[in-house]
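S.K.: Under my numbering, think of the first position of the sequence shown as 9, with each following residue one higher.
Note that beta-carbon positions come from the ideal geometry of N, C-alpha and C, so glycine has one too.
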Amino acid sequence: MCYFNPYVSTSYKILFNECLEIVILFVGSIDFSNKNAALWYQKQIQESIDLGHNGFMLDFREYTPVNSISSNEMSGLEMHNHFIGLYQKTVYEMTLNYTAVENILHLDENEKKSSSINYQSDFLFHACSGYTHRAQYSQLHWPGDASVDWNIYSVQDVYLPLGENWIDISTNLIYDHDTDGRYRLGKTDIFHGGQWIMNVRDDLLTIPLFARADSIIPPIDSSAFT
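#1: Taking the Cβ atom as the reference point for each residue, do Asn25 and Ile32 lie within a distance shorter than 8 angstroms?
#2: List the endpoints of the continuous beta strand (DSSP E) containing Tyr11.
#3: What are the start and end residues of the beta strand (DSSP E) that includes Leu132?
#4: Over what stretch of residues does the beta strand (DSSP E) that includes Phe64 continue unbroken?
#5: Is His134 closer than 8 angstroms to Gly63 when the C-beta atoms are compared?
#6: Can you have a look at Leu28 and say buried or exposed, based on whether 16 or more other CB atoms are within 10 angstroms of its CB?
#7: Starting from Ser23, trace the alpha helix (DSSP H) in both directions and tell me its first and last residue.
#8: Straight-line CA distance for Asn89 to Ala45?
#9: If you compare alpha carbons, which of Ile22, Cys136, Met87 is closest to Thr72?
#10: Closest by CA to Ile38, which one among His61, Ser76, Ala143?
#11: Kindly indicate which three-state DSSP category Ser146 falls into: helix, strand or coil?
#12: Helix, strand or coil: which one does DSSP assign to Ser83?
#13: Could you give the distance in angstroms between the alpha-carbon of Ile53 and the alpha-carbon of Ser17?
#14: To the nearest angstrom, report how far apart Ala143 and Lys97 are at their CA atoms.
#15: Please classify Gly60: is it buried, with 16 or more other beta-carbons within 10 angstroms of its beta-carbon, or exposed?
#16: By DSSP's criteria, Ile53 is part of a beta bridge. Which residues make up the other side?
#17: When we look at the beta-carbon of Arg209 and count the other beta-carbons within 10 Å, is it buried (16 or more) or exposed?
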């Protein structure tokens, strides 16, 4: 499973400048109401598929600046919930098409002529943000990092009712959450234990924690930061 989010950091100058040139950003975020932006993001997803990933953690998308204007001329306030669906739909439809093409290549001629074939994406999606009817684009939901300290405002007393409400709103029946228990760890403890909670400032240092990069994907090209 490969981690994605809908933002482009100014530190990644090659990708950031590319986004500026084709005008698909608003306040550092990919504007999924712009068809060109969706196509550009699908290209990034395709690169991860080419590396062998068959699932995606689609993080964030709950931050939409209220005074921003997207390509469809809606304000950030108006787009707040709608934007989540566009983000996840962009990835889902791309993988749906990819799955269909892969399946068609293995069909015989009679099967190819059939109009009753109903393809579904073979990829697994694990998303953080969501809204009503989000289940059609993502099978799993996770409510975010839990820096819990086992008080009455965290862990089961909060997350179980939250999950029940989420199932009612989203129609998504598969839900999970963190019950971490680790709180305010130092950087040394994080690296030694491989824990999720991080206070690492350097983007490059987070790579081993996310993907053990050398064993899954090639080391990042340092020229991306220059």
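M.R.: Considering the structure as presented:
#1: no
#2: 10 to 12
#3: 132 to 135
#4: 63 to 66
#5: yes
#6: exposed
#7: Just to set this straight, residue 23 is Leu in the shown sequence, not Ser. Start and end: 21 to 30.
#8: 18 angstroms
#9: Met87
#10: Ser76
#11: coil
#12: strand
#13: 17 angstroms
#14: 11 angstroms
#15: exposed
#16: None, per the DSSP bridge assignment.
#17: With a pLDDT of 44 at Arg209, under the threshold of 50, the predicted position of this residue should be treated as unreliable, though the coordinate-derived value follows. Answer is exposed; the Cβ neighbour count stays below 16.
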